[in-house]
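Note sheet for the following structure.
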Amino acid sequence: MAHIIVVGSGFGGLAAAIRLAARGHEVDLYEKRDKLGGRAYTYAIDGFTFDGGPTVITAPFLFDDLFAAAGRKREDYVEFIPLNPYYRIFNHEGRSFDYNGDEAFILDQIRQWNPENPADVEGYRRFMASTKDIFETGFGLIDKPFLHFGDMIKVAPDLIRLQSYLSVYQYASQYIQDEFLRRCFSFHPLLIGGNPMDAPSLYALIHYLERKWGIHYARGGTGALVEAMGRLFSEIGGRIHLNAEIEEILVDERRRDRVTGIRLGDGTVVKADHVVSNADVGFTYRNMIPEQYRRKNTNSRIDSLKYSMSLFVIYFGTKRRYRDAGLAHHNIILSERYRGLLNDMFRRKVVTDDFSLYLHMPTITDESLAPPGHETFYVLSPVPHLGSGTDWRTFAKPYRDRIMGFLEDNYLPDLQANIVAEHHIDPLHFQTTLNSHLGAAFSVQPILLQSAWFRPHNRSEDFENLYFVGAGTHPGAGLPGVLSSAIIAENLIGGGSPRLAASTAIPSFEASLS
């Protein structure tokens, strides 16, 4: 049995810690903040509960398998509630389109949206049929480590056949003619830090994944899921260290190709056989390991990567209900200037006067997140990362006011007079609190030449016993991605004696395709 240190307690770190502890390894999990969760931190303010980060649960069987690896049942720890619709998507005029897994329902909405162009009905059928092929190929690769270029060569024919050289937007546009519907069926990369105009068409598999397994909500919020995972980890012998910031990952001075443990901020040194970093990949290399030890992952290499956008998020609670506002649990409000806004955000890296928004209204499903008669929300605006040069110390307040004014004018009447709790985070929070390079909310941007082998590897090229899980490594951001990175790390480290027969692939994957 090995002694393993896990750095960071996001979903990737928690999942890796559970899997490794379930194998019988001695696992210590270090978290710099006062609570578990990483980006899934929970804010409790004046009786309101706000989930800080990921709120969309897809592929719930991955959580079931994680708990099963430790000999437990997930449903004994936390309840998953299926949502319908998955998303309510609004155009710039406030007209909405409900997106779910019911093909007949979607086709009827397409007919109503653009009755003068029935071609999009058949186009959507063909689009969804094509995403099944992408799913069957792409989803089968997300728990494979891609440590060698040969691994990439093997899948190259499939990538070409599936038109991975097209962006998700271009791919959807082959089948859908209406511009708003093209946006509805191509926005998903934004949920994992990608530009729909650049993210490869492989990410269209999300459509089939969502239809197959649905979108779920964890009763009590995402924080309840984090708490359940932390409790499971402790029950199987894992040790959690909160308020424990790691200053350095220590390198074997003699061999220089192995790490030996960590040094905490107070100077304490903890030795380990393996280190698994759930911290941001760029931050881990640039800030936790001196460059003199890094032959491959130099500062210049880290800086040359393209990083995702950041986020501006406002958490707010109201003293009145808004059940008559025409909102769903998950709402997406798209700007009229969709393509131009994405270009400003990802390429020009400028903050503009307009915005697209994700509006989360969890109390429509779970009233326990707010005091009686109140409502819990958060609104998220994608913004450029700190490479934009925007000074958020002065820009945050006017940007907040524009967003809240927009919501008040269009969706939530008398909003600002009814707000009784509020908190916000901006790109500086991602940089300073979450240690994300450039304040990028999803770490390395998902583009074709930063996918699979081209993405930072799950096992470091510089150190044979340093591993990565989370958004910045393969396969990428999103809950299915980070949970799969934990499977990869577990299988690369191996050893121990799994409590159950450990799977080496996505659990029940073959059965799921039938």
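Residue numbers for the sequence shown follow my numbering, so the first one is -1 and each next one is one higher. C-beta atoms are modelled at their ideal positions from N, C-alpha and C, and glycine is treated no differently.
Separation of residue j from residue i, as counted between CA atoms
{"i": "G493", "j": "T361", "result": "44 Å"}
{"i": "G470", "j": "F46", "result": "31 Å"}
{"i": "E177", "j": "R93", "result": "14 Å"}
{"i": "G371", "j": "K317", "result": "7 Å"}
{"i": "A0", "j": "D271", "result": "6 Å"}
{"i": "L367", "j": "M343", "result": "32 Å"}
{"i": "F157", "j": "Y201", "result": "Going by the sequence as given, residue 157 is Leu instead of Phe. In a straight line, the C-alpha of L157 is about 12 Å away from that of Y201."}
{"i": "F185", "j": "R229", "result": "35 Å"}
{"i": "L248", "j": "Y28", "result": "15 Å"}
{"i": "L477", "j": "N295", "result": "26 Å"}
{"i": "L309", "j": "M150", "result": "32 Å"}
{"i": "L490", "j": "R31", "result": "28 Å"}
{"i": "R293", "j": "E251", "result": "14 Å"}
{"i": "E120", "j": "V54", "result": "28 Å"}
{"i": "D131", "j": "L164", "result": "15 Å"}
{"i": "I204", "j": "R181", "result": "14 Å"}
{"i": "A509", "j": "G10", "result": "With a pLDDT of only 41 at A509, under 50, the local geometry of the prediction cannot be trusted, and no value is derived from it."}
{"i": "H472", "j": "W390", "result": "31 Å"}
{"i": "G8", "j": "D49", "result": "13 Å"}
{"i": "Y41", "j": "A438", "result": "21 Å"}
{"i": "Y291", "j": "D460", "result": "8 Å"}
{"i": "A222", "j": "A19", "result": "21 Å"}
Rounded distance between the beta-carbons of residue j and residue i, thought under 8 Å
{"i": "L436", "j": "Y305", "result": "5 Å"}
{"i": "S199", "j": "Q161", "result": "5 Å"}
{"i": "E208", "j": "Y84", "result": "6 Å"}
{"i": "L303", "j": "V442", "result": "5 Å"}
{"i": "V76", "j": "A170", "result": "With a Cβ gap of about 34 Å, V76 and A170 do not count as contacting."}
{"i": "F125", "j": "Y173", "result": "4 Å"}
{"i": "D26", "j": "R237", "result": "5 Å"}
{"i": "P444", "j": "G192", "result": "4 Å"}
{"i": "G219", "j": "G99", "result": "Incorrect: roughly 23 Å between the Cβ atoms, too far for contact."}
Close-in-space but distant-in-sequence residues of the same chain around residue i (CB under 6 Å, 5 per side omitted)
{"i": "G280", "result": "I300 and H435"}
{"i": "F314", "result": "F375, I417 and E420"}
{"i": "Y215", "result": "I79, L81 and T363"}
{"i": "A13", "result": "L64, L481 and A484"}
{"i": "V349", "result": "V381 and T388"}
{"i": "I140", "result": "P473 and S482"}
Where residue i falls: helix, strand or coil (DSSP)
{"i": "T220", "result": "helix"}
{"i": "N115", "result": "coil"}
{"i": "L405", "result": "helix"}
{"i": "I234", "result": "coil"}
{"i": "R123", "result": "helix"}
{"i": "E420", "result": "strand"}
{"i": "H214", "result": "strand"}
{"i": "Y84", "result": "coil"}
{"i": "D96", "result": "strand"}
{"i": "F185", "result": "coil"}
{"i": "T547", "result": "No statement about residue 547 is possible, as the shown extent of the chain runs from -1 to 512 and does not include it."}
{"i": "A14", "result": "helix"}
{"i": "N329", "result": "strand"}
{"i": "F59", "result": "helix"}
{"i": "Y75", "result": "coil"}
{"i": "R457", "result": "strand"}
{"i": "A42", "result": "strand"}
{"i": "F48", "result": "strand"}
{"i": "F466", "result": "strand"}
{"i": "T350", "result": "coil"}
{"i": "G280", "result": "helix"}
{"i": "L34", "result": "coil"}
{"i": "E251", "result": "coil"}
{"i": "H435", "result": "helix"}
Residue of the options minimising C-alpha distance to residue i
{"i": "Y356", "options": "P478, R293, Q110 and I312", "result": "I312"}
{"i": "R345", "options": "G385, L164 and E134", "result": "G385"}
{"i": "V268", "options": "A242, R252 and Y75", "result": "A242"}
{"i": "S514", "options": "Y283, F310, S308 and S275", "result": "No statement about residue 514 is possible, as the shown extent of the chain runs from -1 to 512 and does not include it."}
{"i": "F95", "options": "G479, L179, R37 and E406", "result": "L179"}
{"i": "P155", "options": "T258, G136 and H23", "result": "G136"}
{"i": "R398", "options": "P369, E373, P411 and D352", "result": "D352"}
{"i": "T258", "options": "L223, S232, N463 and A415", "result": "N463"}
{"i": "E334", "options": "L240, S354 and T220", "result": "S354"}
{"i": "L446", "options": "D460, M195, A394 and P369", "result": "M195"}
{"i": "H239", "options": "G69, G6, G479 and A475", "result": "G6"}
Contacts around residue i, its chain only, beta-carbon distance under 7 Å, and the 5 residues preceding and following it disregarded
{"i": "L145", "result": "H455 and R457"}
{"i": "A499", "result": "Confidence in A499 is poor, its pLDDT being 39 and thus under 50, which makes the residue's placement unreliable; the coordinate value appears in the next sentence. Contacts found: none."}
{"i": "A487", "result": "A14, V274, N456, Y465 and V467"}
{"i": "N520", "result": "Here the chain covers residues -1 to 512 and nothing more, so residue 520 does not appear."}
Sequence-distant residues of the same chain with beta carbon closer than 8 Å to residue i, five excluded per side
{"i": "L325", "result": "R86, L357, M359, I362 and Y409"}
{"i": "S512", "result": "Confidence at S512 is low in this model, with a pLDDT of 39, below 50, so its placement is unreliable and the value that follows should be read with caution. Excluding residues within five positions, none has a Cβ falling inside 8 Å."}
{"i": "N285", "result": "N433"}
is_contact[residue i, chain D] using C-beta, thresh 8 Å
{"i": "E462", "result": "Looking for chain D here will not work: only one protein chain is present."}
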